[in-house]
Amino acid sequence: MVIIMPTNTDSCGTQATCVFRVRHRQTYDIESVKEDDIVFNFLIGGDGNVYIGRGWDQVGAHMAGYSSRSLSLAFIGSFQTRKPSPKQLSVARLLLEKGVALGKIASSYRLTGASILDPSVNAYKADALYQSFSTWPQWS
């Protein structure tokens with residue numbers, strides 16, 4: 006299973022800003038949340054780049070009850086009403102295809118939104134983000 010979620014930070018449109026957002030999130034996760042590293046497997050920037058968090062082979066800490074059996078794609082920004090950029094969606098598709106090709110994601114993977122799995126957590130709310138994936142065949 007691949008879980009789509011927002012970082013609920015400011016968005017970014019340049020590599021410099023996206024790197025800053027990722028580093029800031031990593032610092033927050035380590036110092037405030039007391040995790041070993043950033044909680045996400047991958048982060049998708051508005052600049053069209055993928056930023057590696059825990060990567061393919063390390064279990065994330067993105068969602069209680071699901072982290073050990075899923076990968077997380079965290080879109081940098083807040084997406085309750087604002088949709089992700091076409092660049093973000095395109096690179097997400099490429100990353101998922103690469104994961105399947107590398108054998109890191111099953112070809113029959115399920116793609117879902119964090120708030121669909123746990124609607125009680127406000128931090129997972131990102132209606133415009135999830136709506137952007139609603140036509141993808143893996144979405145559930």
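Each number in the numbering used here comes from the position in the sequence shown (counting from 1) with 5 added on.
For each residue, glycine too, the CB sits at the ideal point set by N, CA and C.
No experiment lies behind these values; they were computed from the predicted model shown.
Those residues which DSSP pairs with residue i across a bridge
i      : result
Gly70  : Per DSSP, none; premise fails for Gly70.
Ala79  : Met10 and Leu48
Trp144 : Leu116
Sequence-distant residues of its chain with Cβ nearer than 7 Å to residue i (five each side left out)
i      : result
Tyr129 : Met10, Ala119, Ser120 and Asp123
Asp132 : Gln85
Opening and closing residue of the alpha helix (DSSP H) in which residue i lies
i      : result
Phe25  : Gln20 to Glu36
Pro91  : Pro91 to Ala106
Tyr135 : Asp132 to Ser137
Ala119 : Ala119 to Leu122
Where residue i falls: helix, strand or coil (DSSP)
i      : result
Ile110 : coil
Residue span of the beta strand (DSSP E) that contains residue i, given as start and end
i     : result
Tyr56 : Val55 to Ile57
8 Å Cβ shell around residue i - same chain, five flanking residues per side excluded
i      : result
Ile110 : Val7, Leu76, Leu101 and Gly104
Any 3 or more C-beta pairs closer than 8 Å across the stretch 40–50 and the stretch 66–84: They touch, by the three-pair rule.
Cβ contact (3+ pairs, closer than 8 Å) linking the stretch 28–35 and the stretch 94–105: By the Cβ test, the stretch 28–35 is not in contact with the stretch 94–105, since fewer than three Cβ pairs between them sit closer than 8 Å.
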